[in-house]
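Here the structure comes first, spelled out in structure tokens, and everything after it is commentary.
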Amino acid sequence: MSLLPTTTIAQIAAYANQTVTLAGWIDHKTEKGKLVFLMLRDGSGTIQCVVFRKQVSETTFSTAQQLTQETACRITGSVRADERAPGGFELDVHEIELIHLTHDYPITPKEHGVEFLMEHRHLWVRSSRQHAILRIRAEIMAAAQEWLNAQGFVRYDTPILTATSAEGTTNLFATPYFDQGNAYLAQTGQLYVESGMMSFGKVYCFGPTFRAEKSKTRRHLTEFWMLEPEVAFATHADNLILQEQLLTAIVQRVLQQCRRELEVLERDTLPLERVQPPFPRITYDEALDLIGEHHAEVEGCTPLAWGEDFGAPHETLIASKFDRPVFVEKFPAAIKAFYMQPDPDRPEVALCADLIAPEGYGELIGGSQRIHDAELLIERIQAHGLSLDDYQWYVDLRRYGSVPHSGFGMGLERAVAWITGTRHIRETIPFPRMLYRLYP
RNA sequence: UCCCCGAUAGCUCAACGGUAGAGCGGCUGACUGUUAAUCAGUAGGUUCUAGGUUCGAAUCCUAGUCGGGGAGCCA
């Protein structure tokens, strides 16, 4: 005995004029006297189910009248094409099996405030907009991994509990670790993924990372997912090509596979369709000139002196000058991480790049060629005030068959926010962790 | 951490220092084509907390709590 449905709503067109059993939840009900309209949602889609009093038993009709929003049920009926139905098909109901009657579902079809919705995040994920965003998130993750795998990459998982800060003094979450003092939640898998690069050539890690920064903006989470590929023998130039190819593959697949979700979100797909290589590349120096010339166009965007890092308004301004994601490369080494390879022609800048998303969604990717010389790496670790003892294993990677290599980290939720056109990053992950939000 | 804003019915909000209200949702009833149906009726309040000013405070003042928007930091 099984309770499984005979089909899903997404497949309903193949069952025209047949009798099927669907299983799901009531999205909405409209009563019209001797007629009840039910919108049934099963995860794959929604369909209108029509209950005529004269065509069903009294029990079935009174069950239909009882149904409330988010009640779980199994509905058996015949599939009929009907122009009046959203989706083109509706179900003429024969029988309704009540699985669980819901009382007082808190989220109604009317508007709600952010705080209320966040308190009910565990229920909010059922709403059509949230469903569409999280469906696209899943597609982005699948697209990224499948594309990388097809290019010969091997997924290589890095630890979440680590002994020290990977990139220096940024705030980390600490947790007691037996008699070894504190362990820290990883803020990146990058250093560890470099070891895999020396074993497999092309690797990537993909998992949650943690930042205990007191950021309070619509672009930040304290727990977010990062995809970090690392490639042996890849130079800075190779790195940028890989990034634009990966991002293009992701965006094009979402355009193909998630048309319906993008419609639900009312996402303008033209900017997404323009995402094709090559992406424009400008240097940090050119970006400073551009900011100097156009800073008045964006509020809070002030001219910068060489050596200063961009703020959010600067990224917005730069992005506004291009019709697709734009690379800003060769930042001053002093404002970047210790492991970045200096430009041989100009050692004060690093062979690194940030990829800035269009439409003001900010930095999607940060990447660089890594230092492959042990002596230089040691010098940089010390110059950054880090303990060499903590990084001996990392320096070891430069002592045995060291090669030039490059990699990058893509923030998953930033990518989801941009591709789905979601203004606030809190909607791009099922349970966002933020400065003032740990529940539910 | 800093700047700005807010908290009133289950939800979204209104109410000049003078009787705390509406819409939605809930409940009851009517309706054979509704799409956030419509119509009629009905229940629903410690105005975030603690002080203060005042004849009188949802309203003004102080402190706190919680939340929202932005900055910095970053992906």
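Numbering follows this note's numbering, with no gaps: position 300 of the first sequence is 629. Cβ atoms here follow ideal geometry from the backbone N, Cα and C, with glycine treated the same way. Remember, it's a predicted structure, so these values are computed and weren't measured experimentally.
Under DSSP, no beta-bridge partner is assigned to Glu595. In this structure, DSSP gives Phe390 a helical state, which the three-state scheme calls helix.
If you ignore the 5 residues before and after Glu692, its C-beta comes within less than 8 Å of the C-beta of Glu644, Asp683, Leu684, Ile685, Ala686, Gly740, Arg743, all in its own chain and listed in chain order. About 6 Å separates the beta carbon of Cys402 from that of Ile425, a gap short enough to meet the 8 Å contact definition. Taking 8 Å as the cut-off, the beta carbon of Val604 is found closer than this to the beta carbon of Leu576. In this structure the segment 755 to 762 does not touch the segment 584 to 601; the number of beta carbon pairs closer than 8 Å is below three. Cβ neighbours of Ala461 within its own chain (closer than 6 Å, five residues either side excluded): Glu590, Val593, Leu594. With contacts defined as CB atoms closer than 8 Å, Leu584 and Leu599 fail to qualify as a contacting pair.
Each residue's CA atom was taken as its position, placing Pro733 and Pro673 some 13 Å apart.
Contact between Glu677 and Ala666 is ruled out by a C-beta separation of about 15 Å, above the 8 Å threshold. Per DSSP, the unbroken beta strand (DSSP E) holding Glu360 starts and ends at 348 to 360. The segment 703 to 723 and the segment 507 to 519 do not touch, with fewer than 3 CB-CB distances between them shorter than 8 Å. Excluding its 5 nearest sequence neighbours in each direction, Gly621 has C-beta neighbours in its own chain below 6 Å: Pro632, listed in chain order. Per DSSP, Ser649 is one residue of the alpha helix (DSSP H) stretching across 641 to 649. Bounds of the beta strand (DSSP E) holding Tyr533 are 531 to 539. Collapsing the DSSP output to three states places Val604 in coil. Under the three-state reduction of DSSP output, Tyr485 falls in the coil class, being neither helix nor strand. DSSP places Val443 in the uninterrupted alpha helix (DSSP H) bounded by 443 to 448. Here Glu475 is exposed, its C-beta having fewer than 16 other C-beta atoms within 10 Å.
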